[in-house]
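Student:
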Ligand SMILES: N[C@@H](CCC(=O)N[C@@H](CS)C(=O)NCC(=O)O)C(=O)O
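Residue numbers (this note's numbering): -7 to 214.
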């Protein structure tokens, strides 16, 4: 039996979506975030040393990293449905690019944005204005311009296609959906209509709706 160690408000929603797409049976063990630090509880470290979610166990296999979990589940249970054939190298490479880009390049910007935005709240009273200044500067000089470039690239890809790969939903969609849903929830997609349509498309999918029924809607941490 596949077991998903699912942290609330987290990337673990991706794995649930893929399991629902593939219509696999699975158990979900849910963990709450610490209300102050928002970190995962220590119990997750009993499953994997870093104590991050998602982690999946399947028989004697334990696998962390959402991208590796997606690779594993597709390799074992559903490759043909969700990725282009290796005969079409360009389509295969394109799908793999987005599958890896999601965690390798896009998510670090969102995590940095979240961490810096929390600095003022988490700082002692006297330091709060300085912490706010640091957050504003990092945002203005680095994060906002970087994110704008990334979103422009994604918008240009989605505008004529409506999806990341030639297959739908692909492993690339499973990986890219989460950061784009987070950006939608934080109101960052106003200038990106194709990405907005793409997020709506995911959320209209029956497999996504089964995730919401079982685990609740995706929410922002903090
Ligand atoms: N690159 C990893 C990131 C895992 C990760 O950082 N997960 C977050 C949830 S989105 C987490 O467990 N945070 C709680 C913590 O760091 O304690 C993946 O894609 O699985």
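Backbone N, C-alpha and C define an ideal beta-carbon position, used for all residues, glycine too.
Owing to the predicted nature of the structure, the values given are computational and were not obtained by experimental measurement.
Compare the beta carbon distance of residue 7 and residue 61 with 9 angstroms and say whether it is the shorter of the two.
Tutor: For this step, residue 7 is matched to residue 15 along the chain shown. For this step, residue 61 is matched to residue 69 along the chain shown. Yes, they are a contact pair.
Student: In or out: residue 3 buried (at least 16 other Cβ within 10 Å) or exposed?
Tutor: For the purposes of this step, residue 3 is taken as the residue at position 11 of the chain shown. Classification of residue 3: buried, given that the 10 Å Cβ count is 16 or more.
Student: Mind checking whether the beta-carbon of residue 36 lies closer than 8 angstroms to any heavy atom of ligand 1?
Tutor: Taking the chain shown and counting its residues from 1, the one referred to as residue 36 is at position 44. Yes; taking the cut-off as 8 angstroms, the Cβ of residue 36 has a heavy atom of ligand 1 nearer than that.
Student: Between residue 166 and the rest of its own chain, which residues show a CB-CB distance below 7 angstroms, the 5 nearest in sequence each way excluded?
Tutor: As a working mapping, residue 166 is identified with position 174 in the chain shown. Answer for residue 166: 6, 9, 10 and 62, listed in chain order.
Student: Residue 108 and residue 127 look like a contact to me (Cβ under 8 angstroms); what is the Cβ gap, rounded to whole Å?
Tutor: One-based indexing of the chain shown puts residue 108 at position 116. One-based indexing of the chain shown puts residue 127 at position 135. 5 angstroms between Cβ atoms; contact.
Student: Roughly how many whole angstroms lie between the Cα atoms of residue 154 and residue 191?
Tutor: Here residue 154 refers to the residue found at position 162 when the chain shown is read from its first residue. Here residue 191 refers to the residue found at position 199 when the chain shown is read from its first residue. Computed Cα separation, rounded: 10 angstroms.
Student: Could you work out which residue in 132, 150 and 162 is closest to residue 84 when comparing CA atoms only?
Tutor: Within the chain shown, residue 84 is the residue found at index 92, counting from 1. Checking every option, the nearest Cα to that of residue 84 belongs to 162.
Student: Please find out if some non-hydrogen atom of ligand 1 comes closer than 8 angstroms to the beta-carbon of residue 44.
Tutor: Position 52 of the chain shown holds residue 44. Answer for residue 44: yes, Cβ within range of ligand 1.
Student: For residue 178, which residues of its own chain have a beta-carbon under 7 angstroms away from its beta-carbon, when the five flanking residues on both sides are left out?
Tutor: Position 186 of the chain shown, counting from 1, holds the residue named residue 178. Hits under 7 angstroms: 212.
Student: Check whether the Cβ of residue 32 lies closer than 8 angstroms to any heavy atom of ligand 1, and answer yes or no.
Tutor: Start at 1 with the first residue of the chain shown, and residue 32 comes out as number 40. Yes; taking the cut-off as 8 angstroms, the Cβ of residue 32 has a heavy atom of ligand 1 nearer than that.
Student: Taking C-alpha atoms, which residue in 209, 159 and 170 lies nearest to residue 70?
Tutor: Taking the first residue of the chain shown as 1, we reach residue 70 at position 78. Nearest of 209, 159 and 170 to residue 70, Cα basis: 159.
Student: Should residue 45 go down as buried or exposed, given a rule of 16 or more other Cβ atoms within 10 Å for buried?
Tutor: As a working mapping, residue 45 is identified with position 53 in the chain shown. Buried, since its Cβ has 16 or more Cβ neighbours within 10 Å.
Student: Under the DSSP definition of a beta bridge, which residues are partnered with residue 19?
Tutor: Within the chain shown, numbered from 1, the residue matching residue 19 stands at position 27. Residue 19 is bridged to -5.
Student: Which whole-angstrom value is the C-beta distance of residue 49 and residue -5, which I expect to be below 8 angstroms?
Tutor: Working through the chain shown from its first residue, we reach residue 49 at position 57. Working through the chain shown from its first residue, we reach residue -5 at position 3. Contact flag correct, Cβ pair sits at about 5 angstroms.
Student: Given the structure, does residue 181 come close to ligand 1, in the sense that its CB is under 8 angstroms from one of the ligand's heavy atoms?
Tutor: Here the question's residue 181 lines up with position 189 in the chain shown. No.
Student: Based on the DSSP secondary-structure assignment, which residues constitute the bridge partners of residue 53?
Tutor: Here residue 53 refers to the residue found at position 61 of the chain shown. Answer is 50, bridged to residue 53.
Student: Relative to ligand 1, is the shortest distance from any of its heavy atoms to the C-beta of residue 95 smaller than 8 angstroms?
Tutor: Your numbering for residue 95 matches position 103 in the chain shown. Indeed, a heavy atom of ligand 1 lies less than 8 angstroms from the Cβ.
Student: Within 10 Å of its beta-carbon, does residue 97 have 16 or more other beta-carbons around it, so buried, or fewer, so exposed?
Tutor: Start at 1 with the first residue of the chain shown, and residue 97 comes out as number 105. Answer is exposed; the Cβ neighbour count stays below 16.
Student: Which whole-angstrom value is the C-beta distance of residue 102 and residue 209, which I expect to be below 8 angstroms?
Tutor: Here residue 102 refers to the residue found at position 110 when the chain shown is read from its first residue. Here residue 209 refers to the residue found at position 217 when the chain shown is read from its first residue. Rounded, the Cβ-Cβ distance is 18 angstroms, inconsistent with contact.
Student: May I ask which residues mark the beginning and end of the alpha helix (DSSP H) holding residue 177?
Tutor: Taking the first residue of the chain shown as position 1, residue 177 is located at position 185. It spans 163 to 177 - the alpha helix (DSSP H) in which residue 177 sits, taken as one unbroken run.
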